[in-house]
Amino acid sequence: MVAVVTAFSCVAEPESQCIASALRRRDSEFIGRLVSRYHYRLLRYLVYWTSSREQAEDLVQETWLHVLERAGQYNGRLRFEPWLFSIARNLAIDHLRKQQTATARHPVCPEDDAGLNLPAPDFESPFFAAARSEDAKRIAAALGALEPIYREALLLRFQEELSLAEIAQVAGAPVSTVSSRIHRGLSMLQSSLGGVADAN
Amino acid sequence: MPIENHEKARSLFDQSLVEGISLEDRHWLNAHVRQCAECGRYVDLSERTVRALDGFAFELDPAAALRLANVVRSRAERMRSAEAHAKNLWIGTAVAILLTVTGSAVTWRSLAWMASEWNLPSRVWQIVFAVFWLLPSLLLALLPLFRRRLLGEESDSEGQTV
Chain A
1224 MVAVVTAFSC
1234 VAEPESQCIA
1244 SALRRRDSEF
1254 IGRLVSRYHY
1264 RLLRYLVYWT
1274 SSREQAEDLV
1284 QETWLHVLER
1294 AGQYNGRLRF
1304 EPWLFSIARN
1314 LAIDHLRKQQ
1324 TATARHPVCP
1334 EDDAGLNLPA
1344 PDFESPFFAA
1354 ARSEDAKRIA
1364 AALGALEPIY
1374 REALLLRFQE
1384 ELSLAEIAQV
1394 AGAPVSTVSS
1404 RIHRGLSMLQ
1414 SSLGGVADAN
Chain B
3 MPIENHEKAR
13 SLFDQSLVEG
23 ISLEDRHWLN
33 AHVRQCAECG
43 RYVDLSERTV
53 RALDGFAFEL
63 DPAAALRLAN
73 VVRSRAERMR
83 SAEAHAKNLW
93 IGTAVAILLT
103 VTGSAVTWRS
113 LAWMASEWNL
123 PSRVWQIVFA
133 VFWLLPSLLL
143 ALLPLFRRRL
153 LGEESDSEGQ
163 TV
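Going down the list, the protein sequences come from chains A and B. Position 50 (the first sequence) corresponds to 1273 in my numbering; numbering is contiguous. Position 49 (the second sequence) corresponds to 51 in my numbering; numbering is contiguous.
Given below as structure tokens:
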């Protein structure tokens, strides 16, 4: 299902300014529409982080409550999505850190800038279940084998359609780094898909 | 065809996926891909990969989405009302401080004028001024004592009736 993009009643000002002022005003009707509009994308992004639908749904709610609390920090000069996703990302990292500390099952990966291992999407995860086409299923399996930094960069670029600068803002990394992560991740996925195609 | 052309085509295509390329480069790439089967396969594979990345779909529970929107909406309303309350409190405090400062100045001048009219020593009207401001605070400070006594009497009388 594709997220339904509703039209916002911001005629005179850019949408991001409109969102910023509505958040500052605590305009509950507008905020309700905003939640509905980004619900699907936020849930998809957080399912990728947590590999759990339930945890992702909890984090979606927590993300919106953080958005309300930090409304003053969003000035509307940049697009809303990167700011929203960076809040979700930080919450997901905190959540996973707590989980990993509690269970101590996953060792900390030193190569990951977040300092933790993301749960890899497996064949039982909602992430894999969400893959509708055969290619998507292969991609889901290949994504699981990718390092988290490449996985995140690819999903933000090709699922969320964020620009390189916006991904850099979300991931807290330079644009050149993000660009090379996407190139590398893409070539790894291509070789994975290509291998299957060759086998077929 | 020189091997550099294939490398350039792949590099341009990767760039077109990630960052975008100029119109001139796009024309060159299209022309090359039409002629070169190997690069055409690479483009096709890349496009399949990107399409597959976009091929993840979740079923959303509309009731859960509505519940979430309601939770966030009601939190926003609570925050707005709390912020309005805090704003009113700050305005009230500012007005009270302003009135205290201007009131003190007016009372001081009035008492000084009255003292000069009635030939009172300055100590007297200054003490009256101090009492004027301190009396309400003293009464408020003493109120709990009287209240306790009053409440004690009330509970005594209640005990007698029972």
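Yeah, the Cβ is synthetic: ideal placement off N, Cα and C, and Gly gets one too.
Cβ pair B:Val-74, A:Ile-1254 closer than 8 Å: In contact: B:Val-74 and A:Ile-1254 (Cβ atoms closer than 8 Å).
Sequence ranges, alpha helix (DSSP H) only - wholly within the segment 1226 to 1283 of chain A, length at least 4: Entirely contained in the segment 1226 to 1283 of chain A, the alpha helix (DSSP H) runs reaching 4 residues are, in chain order, 1238 to 1248, 1251 to 1273.
Alpha helix (DSSP H) segment containing A:Pro-1397, residue limits: Under the DSSP assignment, A:Pro-1397 falls outside any alpha helix (DSSP H); it carries neither an H nor an E label.
Under 8 Å between C-beta atoms of B:Glu-40 and B:His-8: Against a cut-off of 8 Å, the Cβ pair of B:His-8 and B:Glu-40 comes out as a contact.
CB-CB length for B:Phe-60 against A:Arg-1267, believed under 8 Å: That belief holds up - the Cβ atoms of B:Phe-60 and A:Arg-1267 are roughly 6 Å apart, short of 8 Å.
Sequence-distant residues of its chain with Cβ nearer than 6 Å to A:Pro-1237 (five each side left out): Same-chain partners within the cutoff: there are none.
Continuous alpha helix (DSSP H) assignments of at least 4 residues falling wholly in the segment 1364 to 1392 of chain A: Taken in chain order, the complete alpha helix (DSSP H) segments of 4 residues or longer contained in the segment 1364 to 1392 of chain A are 1371 to 1377.
The segment 70 to 101 of chain B: positions lying closer than 8 Å to chain A by Cβ: Among the residues of the segment 70 to 101 of chain B, those with a Cβ less than 8 Å away from any Cβ of chain A are Leu-70, Ala-71, Asn-72, Val-73, Val-74, Arg-75, Ser-76, Arg-77, Ala-78, Glu-79, Met-81, Arg-82, Glu-85, in the order of the chain.
Per-residue DSSP class, three states only, for A:Leu-1301: In the three-state scheme derived from DSSP, where H, G and I count as helix and E and B as strand, A:Leu-1301 is classed as coil.
Runs of alpha helix (DSSP H) wholly within the segment 105 to 161 of chain B (minimum 4 residues, chain order): DSSP assignment within the segment 105 to 161 of chain B yields no whole alpha helix (DSSP H) run of 4 residues or more.
DSSP state of B:Ile-23 mapped onto helix, strand, coil: Note: B:Ile-23 maps to coil in three-state DSSP.
A:Leu-1416 versus A:Ala-1364, A:Glu-1389, A:Pro-1371, A:Arg-1300, residue with shortest Cα-Cα distance: Closest by C-alpha distance to A:Leu-1416, out of A:Ala-1364, A:Glu-1389, A:Pro-1371, A:Arg-1300, is A:Ala-1364.
Whole-angstrom distance between B:Cys-38 and B:Leu-62, CA atom to CA atom: Approximately 43 Å between the Cα atoms of the pair.
Segment contact flag, the segment 1375 to 1389 of chain A with the segment 1403 to 1412 of chain A, C-beta cutoff 8 Å, min 3 pairs: Between the segment 1375 to 1389 of chain A and the segment 1403 to 1412 of chain A there are three or more C-beta pairs closer than 8 Å, enough to call the two in contact.
CB of A:Leu-1265 within 8 Å of CB of A:Thr-1286, strictly: Taking 8 Å as the cut-off, the Cβ atoms of A:Leu-1265 and A:Thr-1286 count as close.
DSSP-derived helix/strand/coil call for B:Asp-16: Under the three-state reduction of DSSP, B:Asp-16 is assigned to helix.
Residues from the segment 1380 to 1407 of chain A in contact with chain B, defined by Cβ distance under 8 Å: For the segment 1380 to 1407 of chain A, the residues whose beta carbon sits under 8 Å from a beta carbon of chain B are, in order, Arg-1380, Phe-1381, Gln-1382, Leu-1387, Ser-1402, Ile-1405, His-1406.
Beta-carbon neighbours of A:Leu-1266, restricted to chain B and to distances below 8 Å: Per Cβ cutoff of 8 Å: Phe-60, Leu-62.
Partner residues on chain A for B:Asp-27, Cβ-Cβ distance less than 8 Å: Residues of chain A passing the Cβ test: none, with the nearest at roughly 17 Å.
6 Å Cβ shell around B:Thr-51 - same chain, five flanking residues per side excluded: Hits under 6 Å: none found.
Three or more C-beta pairs below 8 Å linking the segment 1237 to 1247 of chain A and the segment 1295 to 1302 of chain A: A contact exists between the segment 1237 to 1247 of chain A and the segment 1295 to 1302 of chain A.
Among B:Ala-78, B:Ala-66, B:Asn-72, the one whose alpha carbon lies nearest that of A:Gln-1291: Sequence inspection shows Leu at residue 1291 of chain A; the Gln mentioned does not correspond to that position. Ranking B:Ala-78, B:Ala-66, B:Asn-72 by CA distance to the CA of A:Leu-1291 puts B:Ala-78 first.
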